[in-house]
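**Q** Line order of the protein sequences matches chains Z and L.
Numbering follows this note's numbering, in which position 121 of the first sequence is assigned residue number 450; successive positions increment by one, without gaps.
Numbering follows this note's numbering, in which position 39 of the second sequence is assigned residue number 27; successive positions increment by one, without gaps.
Heads up, the beta-carbon is just placed ideally off N, CA and C, and yes, glycines get one too.
A quick note: this is a predicted structure, and the numbers were derived from the prediction, not measured.
Please find one structure pasted underneath; my questions will follow.
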Amino acid sequence: MLRPIDPATPSTETIRLQPTRGFSRVLAPRELWRYRDLAGQIALRDITVRYRQTALGGAWAVLQPIGFMVVFSLIFGNVAGIASNGLPYPLFSLAALVPWTFFANALLLGSDSLVANSALVSKIYFPRIFMPAGVIVAGFVDLAISLVILLVIVLAWGYVPSLAILAVPLLVVIAAASALGLTAALSAINVRYRDVRYVIPFAIQMALFVTPVVYPSSEIAEPWQTLSAVNPMVGVVEGFRWATLGTGNAPWDLIGISAASAALILVAGLAYFDRVERAFADYV
Amino acid sequence: MDPSTAIETHELGKRYTLGVSGRGYGTLREAITARFRNPLRRSDDGGEPNQLWALRDLSLTIETGEVVGLVGHNGAGKSTLLKILSRITEPSSGYAEVTGRVGSLLEVGTGFHPELTGRENIFLNGAILGMRRAEIRSRFDEIVAFAEIDRFLDTPVKRYSSGMSVRLAFAVAAHLEPEILLVDEVLAVGDAAFQRKSLAKMSEVAQAGRTVLFVSHNLAIIQALCKRGVLLERGRVQADGPVGEILDHYLAGLERASAADLVEREDRDGRGWRHTVLKKVEMVDASSGQRNAVVGGRPARLVVEVTELLPGLECRVVIANSFGQPVAVLDSEVSAPADSRDPELGPRLECEIPVVPLLPGRYRLDVGLKANSVIQDGLQAAAFFDVEPGVLEGRPMAGEDAEGSFAFPHSWRLPP
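Written out as structure tokens, the structure reads:
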């Protein structure tokens, strides 16, 4: 069953294990590349497991934003009469809810990913960043499904997206980058302080109202409107409305600020993750 | 580094900081208040009192193809060393150089996901163990055949019997071809069939010229598999040499430790609340009252003394031969009608053994203690005792050189 080692093939390289300093772990492309197959398997597992043994399966990816859309339309659209840039409120809110749901789920599942996989973390070596990153990759599948549904509804409502729709991948990258930066940091903190588990659901609900999901950011007075885009989801959400509904002006100022902010969050999150990663197995 | 060297460690050290809550969990509030009290102090300051060096200045060289057994008390640093070599945790000082692909034989099912099917788990588990996807695909049929699960390939693993999961897990691990194999006490878990297969796998790996580093309390297995032994004590190499000599050295140390006060011993099992701890364990000859020497075929009494009398005390004693191979278990939690609770007994548990069925030799006692189903304490090699040759129902029991560990009553019907 086991082949003897072929003496002709030179032994593989030598790895030196020593206390590391600086940000050498996450930012080690060779190491990440070496473990690429594992990264793929973890993402595949997260995708497969997400809705297995649920009666509705992948429909959940759609039901969550649709459900919120219905409730928000009734409460904020009809009862409260919140402005929606002249758009039908359901479309207005759904275009924001699609990226928001992706972001919120990534945070919720990603921040628990290291603790949930503690059996692996404490027994096997692999670049730990794969755990939160795998959750986000799995979230792309949900996002793609709900994006298709969004476009179907938009078309059914008689709106035709313009070429602006080509900006969607860029907006998704901004959302994913900030989600990865945040989940990297949060999952790492969660290893030591399980408080994170209780903070996240609460914080996500708060953030929903800080982000212009149920209201347009045009309702906010300047300079706060522009400044609010340091929350990367502001640019993503407003960008999504413009890109998928094919109306209004391109909010490039918001998108630009949000992109810069997302880049900063990503770098800071990964840097923090890198710094504490080496001690995960000792705490988890 | 010399190309024939597989593993070389140089003054390797691993320091653990013990937090307020014992295992260093701590809460966010603790961390924040500590930071406010001592704003200038770095959190990983060197001079903290509750620090533990699990490994200290450990230098060790292992050549390619060597099969090395690591022995030592609990807490000697064996598992920590394997964790560093498999890159699960980082050393705090020194370094280790490892040449070749490292694989670990893991507990059954680590990395299995119950919702995934057998097929999906083969790929996931293979990747976790460090196999390339192409490699798994090329061995896929072999793995399935070895595990004998082909009919259930597309059934979620949660519906597998435990035997099937074990076979599948092992099949994947068996097709990993590491240059260096690390084995940490896996043979202690899993059923007998798994242990046999693991053992066969290990000797196969050894014969294929691969390097194996092996940790076990079962010294018989270490002796059978390894040529070289390394004895660790308090995170350092205490002795290193031919496996026979190292094991003798280790056993002598164990016996010295069991002669000392048990309360003072630090090599206790990690789990346990320690509201009550083992104070003394003795096997007493019931007729002569002689301690730690009993006669085969005669009655004996096992006495376990503890520091505190807690309600619902139970104990589990594993009788192992001198190689650490378990031969019998006396477990008070598995009750019988003759068991009783005696309010007059005090902080001790006694076990009456009407007939000692053990063959002559030296045996050791590994003791675990519970109170109200909560683990309190555990100590390996808490005591040693000798069994002297005796007579069982009129028949002399076999001598020291006999095979096996037991004698039992029997009679023959023979042709004239």
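(1) Would you say R526 (chain Z) faces chain L, with C-beta separation under 9 Å as the test?
(2) Going by beta-carbon coordinates alone, are T98 (chain L) and A135 (chain L) separated by less than 9 Å?
(3) The beta strand (DSSP E) that contains L367 (chain L), what's its start and end?
(4) Cutting at 7 Å between CB atoms, please list the residues of its own chain near P397 (chain L), excluding the five before and the five after it.
(5) At the level of alpha carbons, what is the spacing between L104 (chain L) and P428 (chain Z)?
(6) Using three-state DSSP, classify P384 (chain L) as helix, strand or coil.
(7) Pick helix, strand or coil for E108 (chain L), following the three-state DSSP scheme.
(8) Among L:L169, L:V283, L:G312 and L:K71, which has the Cα closest to the Cα of A84 (chain L)?
(9) May I ask you to check if the CB of A248 (chain L) is nearer than 8 Å to at least one heavy atom of the ligand FAD?
(10) Hey, quick one: how far does the beta strand (DSSP E) through A359 (chain L) stretch, first residue to last?
(11) Quick one, are the C-beta atoms of L242 (chain L) and V305 (chain L) less than 9 Å apart?
(12) Counting only runs of 3+ residues fully inside the stretch 50 to 106 of chain L, write out the beta strand (DSSP E) ranges in chain order.
(13) Whole angstroms are fine: how far does the CA of V477 (chain Z) sit from the CA of L574 (chain Z)?
(14) Is there a C-beta anywhere in chain L that falls below 9 Å from the one on R374 (chain Z)?
(15) Beta carbon of R184 (chain L), beta carbon of G65 (chain L): below 9 Å?
(16) Quick check on this structure: which residue in L:V132, L:V282 and L:T87 has the alpha carbon closest to the alpha carbon of T343 (chain Z)?
(17) Name the chain Z residues that come within less than 9 Å of V86 (chain L), Cβ to Cβ?
(18) Report the neighbours of L449 (chain Z) on chain L: residues whose CB is nearer than 8 Å to its CB, in chain order.
(19) Do L297 (chain L) and T264 (chain L) come within 9 Å of each other at the CB atom, strictly closer than that value?
(20) Just grab the DSSP bridge partners of D273 (chain L) for me.
(21) Got a sec, what are the start and stop residues for the alpha helix (DSSP H) R521 (chain Z) sits in?
(22) Would the beta-carbon of R457 (chain Z) fall within 9 Å of that of F602 (chain Z)?
(23) Please determine if the stretch 410 to 425 of chain Z and the stretch 442 to 459 of chain Z are in contact, where contact requires at least 3 C-beta pairs separated by less than 8 Å.
(24) Please identify the residue among L:N62, L:E167 and L:A161 whose C-alpha is closest to the C-alpha of E54 (chain L).
(25) Any Cβ of chain L within less than 9 Å of the Cβ of A610 (chain Z)?
(26) Are there 16 or more other CB atoms within 10 angstroms of the CB of L599 (chain Z), so buried, or fewer, so exposed?
(27) In this structure, does DSSP put I371 (chain Z) in helix, strand or coil?
(28) Counting only the same chain and skipping the five closest in sequence on each side, list residues whose C-beta sits under 7 Å from that of V542 (chain Z).
(29) Alpha carbon to alpha carbon, how far is L48 (chain L) from L220 (chain L)?
(30) Quick check on DSSP: helix, strand or coil for R11 (chain L)?
(31) Please report the residue range of the beta strand (DSSP E) in which N309 (chain L) lies.
(32) For K267 (chain L), which residues from the same chain have a beta carbon less than 7 Å from its beta carbon, with the 5 sequence-adjacent residues on both sides left out?
(33) With a threshold of 9 Å between beta carbons, is F432 (chain Z) in contact with chain L?
(34) Under the rule that 16 or more other beta-carbon atoms within 10 Å means buried, what is N109 (chain L), buried or exposed?
(35) Please classify I137 (chain L) as buried or exposed, where buried requires at least 16 other C-beta atoms within 10 Å of its C-beta.
(36) Helix or strand or just coil, what does DSSP make of I341 (chain L)?
**A** The answer reads as follows:
(1) By 1-based counting over the first sequence, the position of residue 526 (chain Z) is 197. For R526 (chain Z), not one C-beta of chain L is nearer than 9 Å to its own C-beta.
(2) Counted from its first residue, the second sequence places residue 98 (chain L) at position 110. Counted from its first residue, the second sequence places residue 135 (chain L) at position 147. Cβ atoms of T98 (chain L) and A135 (chain L): not closer than 9 Å.
(3) Translated into positions along the second sequence, residue 367 (chain L) becomes position 379. Segment V362 to E376, the beta strand (DSSP E) holding L367 (chain L).
(4) Working through the second sequence from its first residue, we reach residue 397 (chain L) at position 409. Hits under 7 Å: L380 and E381.
(5) Position 116 of the second sequence, counted from the start, is the residue given in the question as residue 104 (chain L). Position 99 of the first sequence, counted from the start, is the residue given in the question as residue 428 (chain Z). Their Cα atoms are separated by approximately 28 Å.
(6) The sequence position of residue 384 (chain L) within the second sequence is 396, counting from 1. Here P384 (chain L) carries a strand assignment [DSSP, helix/strand/coil].
(7) As a working note, residue 108 (chain L) is residue 120 in the second sequence. Helix.
(8) As a first step, residue 84 (chain L) is located in the second sequence; it is residue number 96 there, counting from the start. Closest by alpha carbon: L:K71.
(9) Ligands are entirely absent from the displayed structure, and the ligand FAD is therefore not among its contents.
(10) The sequence position of residue 359 (chain L) within the second sequence is 371, counting from 1. Its beta strand (DSSP E) spans residues G349 to A359.
(11) Translated into positions along the second sequence, residue 242 (chain L) becomes position 254. Translated into positions along the second sequence, residue 305 (chain L) becomes position 317. Contact check for L242 (chain L) against V305 (chain L) fails: the beta carbons are separated by 9 Å or more.
(12) Within the stretch 50 to 106 of chain L, the runs of beta strand (DSSP E) that reach at least 3 residues and sit entirely inside it are, in chain order, 55 to 59, 81 to 87 and 90 to 93.
(13) As a working note, residue 574 (chain Z) is residue 245 in the first sequence. As a working note, residue 477 (chain Z) is residue 148 in the first sequence. Take the alpha-carbon of L574 (chain Z) and the one of V477 (chain Z): they are about 13 Å apart.
(14) As a working mapping, residue 374 (chain Z) is identified with position 45 in the first sequence. Taking Cβ atoms only, chain L reaches closer than 9 Å to R374 (chain Z), which makes this a yes.
(15) On the second sequence, position 196 is the one that residue 184 (chain L) refers to. On the second sequence, position 77 is the one that residue 65 (chain L) refers to. No, the Cβ-Cβ distance between R184 (chain L) and G65 (chain L) is not below 9 Å.
(16) Mapped onto the first sequence, residue 343 (chain Z) falls at position 14. For the set L:V132, L:V282 and L:T87, the Cα lying nearest the Cα of T343 (chain Z) is the one of L:T87.
(17) Position 98 of the second sequence holds residue 86 (chain L). Within 9 Å of the CB of V86 (chain L), the CB atoms of chain Z belong to T343, I344, R345 and L346, in sequence order along the chain.
(18) By one-based count along the first sequence, residue 449 (chain Z) stands at place 120. Residues of chain L passing the Cβ test: T98, G99 and I116.
(19) Indexing the second sequence from 1 puts residue 264 (chain L) at position 276. Indexing the second sequence from 1 puts residue 297 (chain L) at position 309. Note that the C-beta distance between T264 (chain L) and L297 (chain L) is below 9 Å.
(20) Translated into the one-based positions of the second sequence, residue 273 (chain L) becomes position 285. In DSSP, D273 (chain L) forms a bridge with L:A288.
(21) Residue 521 (chain Z) sits at position 192 when you count from the first residue of the first sequence. From DSSP, the alpha helix (DSSP H) with R521 (chain Z) extends over V497 to R521.
(22) Here residue 457 (chain Z) refers to the residue found at position 128 of the first sequence. Here residue 602 (chain Z) refers to the residue found at position 273 of the first sequence. Their beta carbons are under 9 Å apart, which means R457 (chain Z) touches F602 (chain Z) by this criterion.
(23) The count of Cβ pairs closer than 8 Å, one atom from the stretch 410 to 425 of chain Z and one from the stretch 442 to 459 of chain Z, stays below three, leaving the stretches out of contact.
(24) Translated into positions along the second sequence, residue 54 (chain L) becomes position 66. Residue L:E167 is the option with its Cα nearest to E54 (chain L).
(25) Position 281 of the first sequence holds residue 610 (chain Z). Residue-level contact check: A610 (chain Z) touches chain L, since one or more beta carbons of chain L fall below 9 Å from its beta carbon.
(26) The sequence position of residue 599 (chain Z) within the first sequence is 270, counting from 1. Buried, because 16 or more other Cβ atoms sit within 10 Å of the Cβ of L599 (chain Z).
(27) As a working mapping, residue 371 (chain Z) is identified with position 42 in the first sequence. I371 (chain Z) falls in the helix class under three-state DSSP.
(28) Looking up residue 542 (chain Z) in the first sequence gives position 213. Take V542 (chain Z), set aside five residues on each side of it, and the residues of its chain with a beta-carbon closer than 7 Å to its own are S422, A425, L426, W429 and V566, in chain order.
(29) Here residue 48 (chain L) refers to the residue found at position 60 when the second sequence is read from its first residue. Here residue 220 (chain L) refers to the residue found at position 232 when the second sequence is read from its first residue. Roughly 11 Å separates the two Cα atoms.
(30) By 1-based counting over the second sequence, the position of residue 11 (chain L) is 23. Confidence at R11 (chain L) is low in this model, with a pLDDT of 43, below 50, so the placement of that residue should be treated as unreliable; the coordinate-derived value is given next. In the structure shown, R11 (chain L) sits in coil (DSSP, three-state: anything other than H, G, I, E or B).
(31) Here the question's residue 309 (chain L) lines up with position 321 in the second sequence. Segment L301 to N309, the beta strand (DSSP E) holding N309 (chain L).
(32) In the second sequence, the residue the question calls residue 267 (chain L) occupies position 279. Short of 7 Å from the beta carbon of K267 (chain L), and not among the five residues preceding or following it, lie these beta carbons of its own chain, in chain order: L250, V251, E293, V294 and T295.
(33) Working through the first sequence from its first residue, we reach residue 432 (chain Z) at position 103. Closer than 9 Å: no.
(34) Locating residue 109 (chain L) in the second sequence gives position 121, where the first residue counts as 1. Label assigned to N109 (chain L): buried.
(35) Mapped onto the second sequence, residue 137 (chain L) falls at position 149. When all chains shown are included, I137 (chain L) counts as buried.
(36) Numbered from 1 along the second sequence, position 353 holds the residue referred to as residue 341 (chain L). I341 (chain L) falls in the strand class under three-state DSSP.
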